[in-house]
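Participant: Residue numbers (the working numbering): 2 to 36.
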Amino acid sequence: MSYIDDWYTYHLGQGEVHCGTNTLRDTSAAWWHRP
Numbered sequence: 002m003s004y005i006d007d008w009y010t011y012h013l014g015q016g017e018v019h020c021g022t023n024t025l026r027d028t029s030a031a032w033w034h035r036p
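Put into structure tokens, the structure is as follows:
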């Protein structure tokens with residue numbers, strides 16, 4: 002897991018962190034198993 006600092010990039014720009022989290026995910030991966 003990684004955390005990002007969104008204070009300057011999104012919060013002060015009148016946005017929220019979800020504005021910067023547009024991602025594509027592999028839904029076929031068994032995420033509950035460690036690699």
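Quick reminder that beta carbons are idealized off the backbone N, C-alpha and C, glycines included.
(1) For A31 and D6, I'd like the C-alpha separation in whole angstroms.
(2) Have a look at W8 and E17 and give me their C-alpha separation to the nearest angstrom.
(3) Per DSSP, what kind of secondary structure is H34 in: helix, strand or coil?
(4) If you reduce the DSSP assignment to three classes, tell me which class Y11 lands in.
Facilitator: Quick answer:
(1) What you label residue 31 is simply residue 30 of the sequence shown in a count that begins at 1. What you label residue 6 is simply residue 5 of the sequence shown in a count that begins at 1. About 28 Å.
(2) Position 7 of the sequence shown, counting from 1, holds the residue named residue 8. Position 16 of the sequence shown, counting from 1, holds the residue named residue 17. If I take the Cα positions, the gap works out to 9 Å.
(3) For this step, residue 34 is matched to residue 33 along the sequence shown. Residue state, collapsed to three classes: coil.
(4) Indexing the sequence shown from 1 puts residue 11 at position 10. Three-state DSSP puts Y11 in a helix.
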